[in-house]
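Down below is the structure, laid out as structure tokens.
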DNA sequence: TTCCCACATGGGATCGATGCCATATGGCGT
DNA sequence: ACGCCATATGGCATCGATCCCATGTGGGAA
């Protein structure tokens, strides 16, 4: 509290402050200075106080690389996501950061843009920096395998690559999808489209599975033509949705498998002036800000994304300091939030949403 | 390719692979192995090939801490933002990450939640890890001073703390606000409210300044009662907006100084069934997804946030590898995007938006 | 008095990559 | 025959914190 000026005082300050300099300043050895500042072993209280004072006065900040080199692990935690511009991943990153920071570690962030080669490069960087652990939303097996092979603790988030030896925290896509589609079926819809952009990861696959399961449970036959799979990173999903609706003008409801698809569907329905839910109901998997702000609000499967980030980071940290039990997968339950975009289908059979 | 198996092969792999082991494997020295892999100095081509093969075969990944310890700087770049859950900062982070990754560095992400003490802790961590440079949206002077004092290159983003010796990339808040409010004035509005949540940083301050400048330019008198300042991190901004509208039922347009305020204003206008723009026009500073999705679309000042992240990272990297010129501030121009939420005020004088 | 132990401090090896410097060889010019 | 330089390789100090071990001191018990 008293004299502790802001270290550096804005001056040139070329010389880095090391333990050595603290020791010289006080007239003791590095060993003792180290013990004093670390709080281990014996140091006379008076000397310890002088060392701490000198450290504060000179603005000493220990060098993490030196510590890491000796101790075999930096405090850094890697986080690999697929698209930070997507609110989903941003929320996830925020949740992770919060827990990691609370535990006194830092997050190293890498965005692989859904590209496995970039993911592998990120994983290599994590190994190189001796990251204490890594959290990732896998885009393939390779990155996870590389990390696990190097003995780095890994927790997968949102999806699983299937690599053995790593924990995972995921959201139950199948039951969320089943509930959402079940809701539409219960309202009386019989021609429900599903729009996905990937079925290579277990998220997309399981949402599709849930869609089918709901149909089976309701005894409603499935039609392959009602499944619109745009493939990863489509150029202009809205246009694809438009073409699909032209080809299938009889659909009365759409289930969008993620927030990107939901936006495309919503925009296209608005563009062609199709009343929601009058002519066409819709449900989104993943609930973003805009979905509760638009008129009518979108019925959506809310995923506890931020919490998923918290939990995953928590699990990783437990694994890092000592947990050697079996790898486990924790599953979070999503929640269907009913809003205005879903209603019973129009009774008039002629009212379809095809192009004018 | 040929034999290059996935390193580690999933087995236990206890022993870390170091340069030493590569050297032993090939029957040469660390020095030579280092030169071979780094590409500096003399190494016989045949020997170099054998060393590279051994490195690949054993899955050698150089230890960054050792390199950092020797070289005085890690390749890490710190990024300090105020709230990752806010799309604005998420976009910013995405832009930064992209440029940083392209330059072969990594981003260390810290979210200070707008709290200066946390920002200082983050800054200390950056110094400790010998970050090559730091990007931050300042929440005070202290973090920047600490970093600059330790000789770490700093680029401030979105706001400036006023600390000398660091670059900055910002968006011209004042002119953006002037344009937005000028647009409302040109439409004939004379009682335009402005809603801000901070005037302590230069963003909020300059947006308010732009609001005033537009009024002066149009010769419209300012009324203090039309300025709603909620202060940082208000509990329930929507309620505050409601109280404000009750107290000032004669406003015909609202200028929201950022995306959080815009959401509160929008929600409240919708809640009380006030037609937009029929009874009340509105403009947002900052343009998010939902603003173009709602009906009618929100007129907004679009900020090139992602690009700001790119540019800031670019500037920092230039500064890191050698740029020793004077600190500079680059200013990006925002752009007013006209959508449906702004129109001429209702001619009927009695039509106000007070509580029912 | 002697021994032991708690207390206290310093010496120095260690982590792994880097890069300077010493050493060594062979070819070529004078 | 001598020297020089390009080529090639290894030895070793270095970066800074940590921690084991050696050393040293004083007090209390036997």
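Chains as they are written, first to last, in this note's numbering: chain A, 1 to 356; chain B, 1001 to 1356.
Using N, Cα and C, we set each Cβ at its ideal position, and we do this for glycine too.
A quick note: this is a predicted structure, and the numbers were derived from the prediction, not measured.
Query: Indicate whether residue 36 of chain A and residue 52 of chain A have their beta-carbon atoms separated by less than 9 Å.; Result: yes
Query: With H, G and I counted as helix, E and B as strand and the rest as coil, what does DSSP make of residue 97 of chain A?; Result: helix
Query: In this structure, how does DSSP classify residue 249 of chain A when only helix, strand and coil are distinguished?; Result: coil
Query: So for residue 1267 of chain B, helix, strand or coil by DSSP?; Result: helix
Query: Against chain A, with Cβ distances strictly below 9 Å, would residue 1068 of chain B count as a contact?; Result: yes
Query: Would residue 20 of chain A be called buried (16 or more neighbouring beta carbons within 10 Å of its own) or exposed?; Result: exposed
Query: Does any residue of chain A have a CB that is nearer than 9 Å to the CB of residue 1134 of chain B?; Result: no
Query: Give the interface partners of residue 64 of chain A over in chain B, defined as CB-CB distance under 9 Å, in chain order.; Result: 1065, 1068, 1074, 1125, 1128, 1129 and 1130
Query: Only counting the same chain, and skipping five residues up and downstream in sequence, which positions put a Cβ closer than 6 Å to that of residue 1230 of chain B?; Result: 1197, 1237 and 1240
Query: Does the distance between the C-beta of residue 1164 of chain B and the nearest non-hydrogen atom of the ligand PLP fall short of 8 Å?; Result: Within the structure as shown, the ligand PLP is missing, as the structure has no ligands at all.
Query: Secondary structure at residue 1021 of chain B, three-state DSSP: helix, strand or coil?; Result: helix
Query: At 9 Å on the CB atoms, spell out the chain A contacts of residue 1263 of chain B, in chain order.; Result: 289 and 293
Query: Look up residue 152 of chain A in the DSSP assignment and say whether it is helix, strand or coil.; Result: coil
Query: Give the DSSP bridge partners of residue 1068 of chain B, in chain order.; Result: Partner(s): none; residue 1068 of chain B has no beta bridge.
Query: With DSSP collapsed to three states, give me the class of residue 181 of chain A.; Result: helix
Query: With a 10 Å radius around its C-beta and 16 neighbouring C-beta atoms as the bar for buried, classify residue 1320 of chain B as buried or exposed.; Result: buried
Query: Could you name the residues of the stretch 1083-1096 of chain B whose beta carbon sits closer than 7 Å to any beta carbon of chain A, in the order they occur along the chain?; Result: 1084, 1085, 1087, 1090, 1091, 1093 and 1094
Query: Would you please state the rounded distance, in angstroms, between the beta carbons of residue 252 of chain A and residue 284 of chain A? I believe it to be under 8 Å.; Result: Actually they do not touch by this definition, with Cβ atoms about 17 Å apart.
Query: Who does residue 1081 of chain B pair with in a DSSP beta bridge?; Result: B:1111
Query: Can the beta-carbon of residue 68 of chain A be found less than 9 Å from the beta-carbon of residue 183 of chain A?; Result: no
Query: Of all Cβ atoms in chain B, is any one closer than 9 Å to the Cβ of residue 111 of chain A?; Result: yes
Query: With C-beta atoms as the reference, is residue 185 of chain A less than 9 Å away from residue 214 of chain A?; Result: yes
Query: Which class does residue 330 of chain A belong to by DSSP, given the choice of helix, strand or coil?; Result: strand
Query: Looking at the unbroken alpha helix (DSSP H) that takes in residue 196 of chain A, where does it start and where does it end?; Result: Not the alpha helix (DSSP H): residue 196 of chain A falls in the beta strand (DSSP E), residues 192-196.
Query: By DSSP's criteria, residue 299 of chain A is part of a beta bridge. Which residues make up the other side?; Result: A:283
Query: Please report how far the alpha carbon of residue 1157 of chain B lies from the alpha carbon of residue 1169 of chain B, in whole angstroms.; Result: 5 Å
Query: Whether or not the stretch 123-131 of chain A and the stretch 303-316 of chain A are in contact is what I'm after, with contact meaning three or more pairs of Cβ atoms, one per stretch, closer than 8 Å; do they touch?; Result: no
Query: How long is the line joining the alpha carbons of residue 58 of chain A and residue 80 of chain A, rounded to whole angstroms?; Result: 37 Å
Query: From A:267, A:309, A:274 and A:324, pick the residue whose C-alpha is nearest to that of residue 1292 of chain B; which is it?; Result: A:267
Query: With three or more beta-carbon pairs closer than 8 Å as the criterion, would you say the stretch 143-157 of chain A touches the stretch 1133-1149 of chain B?; Result: no
Query: Whose Cβ in chain B lies nearer than 9 Å to the Cβ of residue 108 of chain A?; Result: 1076, 1106, 1107, 1108 and 1109
Query: Quick one: what does DSSP say residue 240 of chain A is sitting in, helix, strand or coil?; Result: helix
Query: Kindly indicate which three-state DSSP category residue 1168 of chain B falls into: helix, strand or coil?; Result: strand
Query: Excluding sequence positions up to five away, which residues of its chain have a Cβ less than 7 Å from the Cβ of residue 1074 of chain B?; Result: 1064, 1068, 1129, 1130, 1131 and 1132
Query: Identify, in the order they occur along the chain, each residue of the same chain with its Cβ nearer than 7 Å to the Cβ of residue 1276 of chain B, setting aside the five sequence neighbours on each side.; Result: 1269, 1282, 1296 and 1341
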